[in-house]
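Novice:
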Amino acid sequence: MEEERENLSIKDWAEEDRPREKMLRLGSAALSDAELIAILIGSGTRKETAVGLARRVLRSVNNNLNALGKLSIADLTAGFKGIGEAKAVRVCAALELGRRRGAAEADPRAAVRSSHDASLLFQARLRDLPHEELWVALLNPAHRVVRVARISQGGVNNTLADIRLILKAAIDALASGIILCHNHPSGNLQPSRHDDQLTERVQKAAKLMDIALLDHIILADNRYYSYMDEGRLP
5 MEEERENLSI KDWAEEDRPR EKMLRLGSAA LSDAELIAIL IGSGTRKETA
55 VGLARRVLRS VNNNLNALGK LSIADLTAGF KGIGEAKAVR VCAALELGRR
105 RGAAEADPRA AVRSSHDASL LFQARLRDLP HEELWVALLN PAHRVVRVAR
155 ISQGGVNNTL ADIRLILKAA IDALASGIIL CHNHPSGNLQ PSRHDDQLTE
205 RVQKAAKLMD IALLDHIILA DNRYYSYMDE GRLP
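Numbering (the working numbering), first residue to last: 5 to 238.
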């Protein structure tokens with residue numbers, strides 16, 4: 005029965021099964037991930053409904069929305085028959101809005117009291133990126149965040165870090181403490197030798213300016229590694 009329905013146009017489905025009508029009647033929370041994506045896609049192909057196409061996209065990432073968020077417009081258009089540029093743009097735009105909402109929910113004015121607090125500042129910004137980025141949070145003496153800034157963007161395995169840019173951002177903000185953060189798109193949470201060297205160099209340079217390196221966070225998917233929690237920031 006499910007296969008028969010997937011070969012029908014959505015307008016030929018029973019009204020209670022159409023995602024747009026279902027959302028109007030029951031609200032967005034009642035829809036499955038595939039149904040929500042189908043609304044973004046808008047239409048399927050002559051052989052597949054929008055919901056069927058959305059299910060196929062989700063299966064390609066093991067039904068993992070975080071993995072879906074890492075797909076680019078090119079990935080969607082090249083990998084799935086029935087998804088052209090316009091549909092891919094709509095899907096990617098919706099995922100970007102979700103990331104930005106997550107970033108907005110992490111109140112930058114709140115005091116940072118733990119590595120978990122620090123990770124929340126960066127999770128929405130870095131979680132789905134296919135490349136590495138290095139960011140810094142600038143804190144006042146009360147450990148409240150003055151500003152969060154991106155320092156550099158790199159490739160899949162590393163990013164260049166100019167310590168002068170990190171210190172300039174801290175000095176411009178009159179920060180008394182800084183928290184570094186970068187992501188590992190590979191999913192490997194363990195710091196590399198380059199990460200260790202960066203942490204040591206930034207800590208020494210910041211100390212000369214009477215600025216404390218409070219932590220260095222590494223993000224991988226929904227997990228994080230904290231140099232402070234691991235006792236690696238003397």
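From the three backbone atoms N, C-alpha and C, an ideal C-beta is built for every residue, glycine too.
Can you have a look at ASP199 and say buried or exposed, based on whether 16 or more other CB atoms are within 10 angstroms of its CB?
Specialist: buried
Novice: With H, G and I counted as helix, E and B as strand and the rest as coil, what does DSSP make of ASP176?
Specialist: helix
Novice: For the pair the stretch 203–211 and the stretch 123–132, tell me if three or more CB-CB distances fall below 8 Å.
Specialist: no
Novice: Would you check if the distance between the CB atom of GLN127 and the CB atom of LEU35 is smaller than 8 Å?
Specialist: LEU35 is positioned such that its CB atom lies no closer than 8 Å to that of GLN127.
Novice: Quick one: which unbroken alpha helix (DSSP H) runs of 4-plus residues sit fully inside the stretch 22–84? Chain order, please.
Specialist: 23–30, 37–45, 54–64, 69–72 and 77–83
Novice: Does LEU223 come out as helix, strand or coil in the three-state DSSP assignment?
Specialist: strand
Novice: Classify ARG22: buried if its beta carbon has 16 or more other beta carbons within 10 angstroms, exposed otherwise.
Specialist: buried
Novice: Can you give the Cα-Cα distance for ALA54 and GLU39, rounded to whole angstroms?
Specialist: 8 Å
Novice: Quick check on VAL116: does DSSP put it in helix, strand or coil?
Specialist: coil
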